[in-house]
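First up is the structure itself, then whatever we jot down about it.
Number of protein chains: 2
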Amino acid sequence: MSVPRLPASRSRENYLKALLQLGAEAAVPVTVLARHLRISAPSVTNMLARLADEKLVVLGPRGAARLSGAGEQAALQVLRRHRLLETFLVNVLDLDWGEVHEDAEELEHHVSQRVLDALDRFMGHPTEDPHGHPIPDRQGRLARRALAPLAALPTGSAAEVREVRGGDDRARMARWKQSGLVPGARVRMVQANADDGVFTLEIAGRRMVSGREGLDGIMIERRTRTSR
Amino acid sequence: MSVPRLPASRSRENYLKALLQLGAEAAVPVTVLARHLRISAPSVTNMLARLADEKLVVLGPRGAARLSGAGEQAALQVLRRHRLLETFLVNVLDLDWGEVHEDAEELEHHVSQRVLDALDRFMGHPTEDPHGHPIPDRQGRLARRALAPLAALPTGSAAEVREVRGGDDRARMARWKQSGLVPGARVRMVQANADDGVFTLEIAGRRMVSGREGLDGIMIERRTRTSR
DNA sequence: GAGGGTTATTAGTTACGACTAACGAGCGGC
DNA sequence: GCCGCTCGTTAGTCGTAACTAATAACCCTC
């Protein structure tokens, strides 16, 4: 009982995935989508018209686009493929978490349902990818969580890193891994200076100082006193 | 105004792979290639001209094509990807050997060197795929073996199945697996009747009767008295 | 309410890789 | 030597998805 994959075509799938990621709430303007996909604005207008034709997106005023129900389902399937693949590449094939993004980006458009299911089975149905992103289930349901940016953690508080965003920047990934900023890590904010944007942290007992940008994308969950 | 454009591309790779498989010795006529790839003859002429431009194939009289050195190398890399992927899908993901062909056919064009190497490493550098085909090594060297068709085994002789060709026919694969005709199986020709094309075999102690076509593609190695 | 800047669209092109229809070249049979 | 078959090529189209250049629509400010 698989969800059918009608739209197909690499390019369409990328548009849908981008809309899912950019259009959490509001409709996405053409320009934003164009920048994100690194495609010219006219091309985007064009493609959006086709996707609207196919009832995968709904166009609002001034060309802004949002996913239809069907479009969102399709996008979630692409996201599922992407995240399962990243998980496979890192956890099974032992590739570095910073260098798997492009591979997953490519393969997500070419893995059949059969192979995807087999991968999922082989890995024991993981629910999060190596960056801590939740993996949509077979029905396209995505766990929604309320995470806070690490930079918002007040001085003196502790938390757990749950998600590390921006997996397309390899250097960033490498730095984070280096300093232990990976999902599951415990962090304590030793000193947050909102004025000059300098943050001193303690990660697994080690001190670290970083600017705001260096922390951007690290999402945490405040742990009151929950045991593991 | 753009530069010649280097090969890659799914379609090109399929042409190269087809030429490798069809053109063992002689050059391949346009029509044969067209039938094999299920593409119209004019399209083939066209594509061959481009591949010749790029020095991947050499065109002979009457349009017949054969791979150049560079073309053969490229084709062997595609074949390596295909066979490693099939091996992975069957041996690791536990998919059925009859149903992995299409998946491998698709993925072979999209797996990066990095992922391929990781798969190879993960599987311990296999040298044969699940159908017994040798896997070209990283340098594109392909083990050449002299195997005989099972139908040529004389009455009373025993042999070992080494290779099972024609992996794109699922029904066939299923039948063979059912009757134990898989690489590594020991077979004995109980009665070969060249006249009416009826063959009686013994596979792992079980009798089986088959017509010539039912055996076509099963390649064996005569074992004199080798142990193991 | 008239500019000016941002944003979106229209129009026209390009590349790739397939297609059909129609033409031409080789070759066997008589 | 001509007929006709098979095989290959030429010519012209199509669909997808990108592009640039030019234009139009909107929004904000004065």
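Protein sequences, first through last, are from chains A and B.
Each residue of the first sequence is one higher than the one before, counting from 19 in the working numbering.
Each residue of the second sequence is one higher than the one before, counting from 19 in the working numbering.
Glycine is no exception: its CB is placed at the ideal position from the N, C-alpha and C atoms.
When DSSP labels each residue in this structure, what does residue i get in the three-state scheme?
i: L113 of chain B; result: coil
i: V96 of chain B; result: helix
i: G223 of chain B; result: coil
i: T173 of chain A; result: coil
i: A161 of chain A; result: coil
i: M141 of chain A; result: coil
i: S228 of chain A; result: strand
i: V129 of chain B; result: coil
i: A166 of chain B; result: strand
i: V208 of chain A; result: strand
i: E43 of chain A; result: coil
i: V118 of chain B; result: coil
i: V108 of chain B; result: helix
i: R30 of chain B; result: helix
i: R188 of chain A; result: helix
i: R156 of chain A; result: coil
i: V48 of chain A; result: helix
i: R240 of chain A; result: strand
i: R183 of chain B; result: coil
Near residue i, what residues of its chain come up, given a Cβ to Cβ distance below 7 Å and the 5 sequence neighbours on each side ignored?
i: A122 of chain B; result: H100, L103, E104, L107
i: H54 of chain A; result: A36, L40
i: M191 of chain B; result: W115, G116, G185
i: N32 of chain A; result: L55
i: L125 of chain B; result: L103
i: V75 of chain A; result: L37, L66, L69, A83, R84, L85, S86, G89
Near residue i, what residues of its chain come up, given a Cβ to Cβ distance below 6 Å and the 5 sequence neighbours on each side ignored?
i: T173 of chain B; result: M207, Q209, A210
i: R230 of chain A; result: A169, G215
i: P47 of chain A; result: A82
Is it right to say residue i is buried, meaning 16 or more other beta carbons lie within 10 angstroms of its own, or is it exposed?
i: A177 of chain A; result: buried
i: D214 of chain B; result: exposed
i: V118 of chain A; result: buried
i: V62 of chain B; result: buried
i: V227 of chain A; result: exposed
i: P60 of chain B; result: exposed
i: N64 of chain B; result: exposed
i: A44 of chain A; result: exposed
i: R98 of chain B; result: buried
i: Q196 of chain B; result: exposed
i: D147 of chain B; result: buried
i: Q131 of chain B; result: exposed
i: A164 of chain B; result: exposed
i: G78 of chain A; result: exposed
Grab me the residues of residue i's own chain with a C-beta within less than 8 Å of its C-beta, minus the 5 sequence neighbours each way, in chain order.
i: W194 of chain B; result: V182, V200, I236
i: V205 of chain B; result: L168, L171, A176, A177, E178, V179, L199, L219, E220, I221, I238
i: A161 of chain A; result: T145, P152
i: A203 of chain B; result: E178, V179, I221, A222
>> Does the contact criterion of 3 or more C-beta pairs under 8 Å hold for the stretch 150-160 of chain A versus the stretch 135-148 of chain B?
In response: no
> At what residue ranges does the stretch 53-103 of chain B contain a whole run of the alpha helix (DSSP H), taking only runs of 4 or more?
Replying inline: 59-71
>> Count Cβ pairs between the stretch 66-73 of chain A and the stretch 81-91 of chain A that sit closer than 8 Å; are there 3 or more?
In response: yes
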